[in-house]
Amino acid sequence: MYSVKSTVNFRRLNLRDRQLFDLELLLVGAFAPLHGFMNQSDYESVLLNMRLENGALSPIPIVLDISNDTDFEVGEKIVLCDPYGNPIAVMEIESRYQPDKRQEAISVYGTEDTAHPGVRYLLDQMYGTYLGGTVHKLQLEARHDFKQLRYTPEELKEVFKERGWEKIVAFQTRNPMHRVHFELVKRAHEITGAPVLVHPVVGMTREGDIDYITRVRTYQVVCDSYGKDFTFLALLPLAMRMAGPREAIWHMLIRKNYGATHFIIGRDHAGPGRNSDGKPFYGPYEARDIAKRYANEVGIEIVPSAELVYLKGRGAYASLDEVGENEETEGISGTEFRRRLFSGEEIPDWFSFPESIAELRRGVQKQQRRGITIFLTGLSGSGKSTIANILATKLREVQDREVTLLDGDVIRTHLTSELGFSKAHRDLNVARVGYVASEITKHGGIAIC
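At position 273 of the sequence shown (counting the first as 1) the number is 282 in my numbering, and the numbers step up by one without a gap.
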């Protein structure tokens with residue numbers, strides 16, 4: 010319908026990470042029946058009853074947020090681009106509206122507590138105006154990592170058809186795959202007699218998660234070495250919301266679009282952790298229970314995953330209801346696992362695969378090389394430069410990382426000489442400094458701004 014050449018006179022919008030992940034899954038049909046960012050009527054209907062205005066089940070609002078002073082208009086066609094300006098899609102703007110973000114938080118996440126990562130992103134990082142409208146593909150964003158593991162829904166369904174697979178169990182994860190996860194996958198295969206689509210999320214997950222590059226390496230090791238006969242690995246570029254019950258339904262719909270007939274849902278599916286009072290945001294099986302209620306409508310069968318424990322005497326995993334009265338169980342908490350991983354201490358084979366741990370340790374070494382950004386704020390003449398210089402000198406004295414001082418006068422000379430002192434220009438100045446600082450930090454240095 011559109012070509013890159015035909016859109017040269019359209020205005021453009023560079024998207025942020027989550028917007029790009031959402032756009033990609035819209036364009037490939039993973040969010041079907043949705044074919045664009047939600048207009049106001051669909052958005053309000055989704056908040057109220059998890060359905061589009063036409064009645065189709067759709068539990069998570071998929072919206073395109075822009076700043077209030079961006080003047081795109083209803084009826085306009087714009088080009089959606091990646092951060093480098095490469096065109097990805099054309100959007101036909103059908104709706105422009107200001108959401109009640111606190112009501113959105115309560116409807117989608119069940120809370121306004123910013124300890125919830127989805128709520129925090131919504132309230133702190135999303136802009137106050139939403140655009141709705143159909144999107145049309147120009148070209149998908151180029152992804153050069155793990156290309157052999159990336160499939161559109163139609164491509165994946167064609168693979169299943171070629172292999173003669175009529176039943177497929179989908180397994181969702183954002184964590185490394187340890188022995189207990191492999192056992193869950195294996196049991197699902199044995200229960201259903203179907204191969205298992207290991208379908209990890211490689212978009213935005215939860216802050217503090219292991220990076221996706223490292224995780225994918227662990228999935229490859231486990232699937233190739235231990236599950237080759239009954240697993241198929243494919244990546245899902247999804248930006249998770251950690252919305253618990255609503256997200257479980259969303260994950261079912263997405264996996265149905267990728268050709269799955271069954272879906273594994275376990276304890277605390279898509280859970281965000283604990284709230285400001287130290288209590289879980291959702292019940293342990295709240296997501297599974299609501300998913301069961303909608304499974305027939307989605308057209309997918311839920312495979313419940315039992316809570317498994319390791320039995321020392323048997324040298325095997327078992328569900329809690331299989332544990333004898335006097336049998337001794339062993340376990341390692343997530344906190345303890347991360348401590349051992351970062352400290353280099355031994356992690357027993359019964360907990361994870363040696364090859365997987367080796368990949369995780371490689372990833373940890375990368376994390377440990379990350380630097381830090383120190384951002385000083387204050388009025389002009391308040392002494393920021395003096396403090397920054399002293400701090401830079403002392404840091405060079407007591408540690409070995411490179412220290413870069415991004416002094417305001419130097420920045421204005423080399424990066425922002427064309428900017429004035431309007432709010433928009435001040436914001437742009439901060440964004441530029443922040444970008445440079447983030448690159449320094451990413452590569453192990455210390456940035457003082």
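The beta carbon of each residue, even a glycine, is placed where N, CA and C say it ideally should be. Bear in mind the structure is a predicted one, so any value in this text is a computation, not a measurement.
Ordered along the chain, which non-local residues of its own chain (more than five positions away) have a Cβ less than 6 Å from that of residue i?
| i | result |
| --- | --- |
| residue 315 | 328 |
| residue 247 | 210 and 212 |
| residue 172 | none |
| residue 179 | 206, 208, 264, 269 and 272 |
| residue 116 | 56 |
| residue 281 | 125, 126, 251 and 290 |
Since residue i and residue j should fall inside the 8 Å C-beta cutoff, what is the C-beta to C-beta distance between them, to a whole number of angstroms?
| i | j | result |
| --- | --- | --- |
| residue 83 | residue 54 | Incorrect: roughly 19 Å between the Cβ atoms, too far for contact. |
| residue 45 | residue 35 | 7 Å |
| residue 312 | residue 200 | 6 Å |
| residue 253 | residue 291 | 4 Å |
| residue 256 | residue 250 | 6 Å |
| residue 459 | residue 261 | Nothing can be reported for residue 459, as the shown portion of the chain is limited to 10 through 458. |
| residue 458 | residue 440 | Wrong, their Cβ atoms sit about 12 Å apart, outside the cutoff. |
| residue 258 | residue 43 | Going by Cβ atoms, the distance from residue 258 to residue 43 rounds to 14 Å, so no, they are not a contact pair. |
| residue 187 | residue 11 | In fact, because the Cβ distance is near 46 Å, the residues do not count as touching under 8 Å. |
Compare the Cα-Cα distances from residue i to each of the options and report the closest residue.
| i | options | result |
| --- | --- | --- |
| residue 219 | 366, 455 and 398 | 366 |
| residue 398 | 414, 408, 305 and 386 | 414 |
| residue 453 | 433, 345 and 410 | 410 |
| residue 271 | 211, 198 and 284 | 198 |
| residue 310 | 154, 176, 109 and 47 | 176 |
| residue 237 | 224, 255 and 194 | 194 |
| residue 208 | 192, 235, 187 and 158 | 158 |
| residue 156 | 242, 25 and 191 | 242 |
| residue 154 | 225, 352 and 381 | 225 |
| residue 13 | 408, 94 and 78 | 94 |
| residue 375 | 351, 388, 358 and 38 | 351 |
| residue 48 | 443, 91 and 107 | 107 |
Put residue i into one of helix, strand or coil per three-state DSSP.
| i | result |
| --- | --- |
| residue 425 | coil |
| residue 347 | helix |
| residue 176 | coil |
| residue 129 | helix |
| residue 74 | strand |
| residue 53 | helix |
| residue 458 | coil |
| residue 261 | helix |
| residue 146 | strand |
| residue 398 | helix |
| residue 20 | strand |
| residue 46 | strand |
| residue 403 | helix |
| residue 86 | strand |
| residue 115 | helix |
| residue 362 | coil |
| residue 223 | helix |
| residue 434 | helix |
| residue 136 | coil |
Considering only residues of the same chain and omitting the five flanking positions on each side of residue i, which have a CB-CB separation below 8 Å?
| i | result |
| --- | --- |
| residue 394 | 416, 417 and 418 |
| residue 349 | 341, 355 and 356 |
| residue 113 | 56, 70 and 131 |
| residue 81 | 20, 22, 75, 87, 102, 105 and 140 |
| residue 120 | 114, 128, 284 and 290 |
| residue 50 | 62 and 104 |
| residue 386 | 393 |
| residue 230 | 362, 364, 365 and 368 |
| residue 338 | 318, 319, 320, 321 and 332 |
Excluding five sequence neighbours on each side, which residues of the same chain lie with their C-beta closer than 7 Å to the C-beta of residue i?
| i | result |
| --- | --- |
| residue 276 | 293, 294 and 316 |
| residue 88 | 16, 19, 21, 96 and 99 |
| residue 336 | 320 and 322 |
| residue 189 | 317 and 326 |
| residue 434 | 428 |
| residue 437 | 428 |
Next item on the list: Count the CB pairs spanning the stretch 138-148 and the stretch 162-179 that are closer than 8 Å, and state whether there are at least three.
Entry: no
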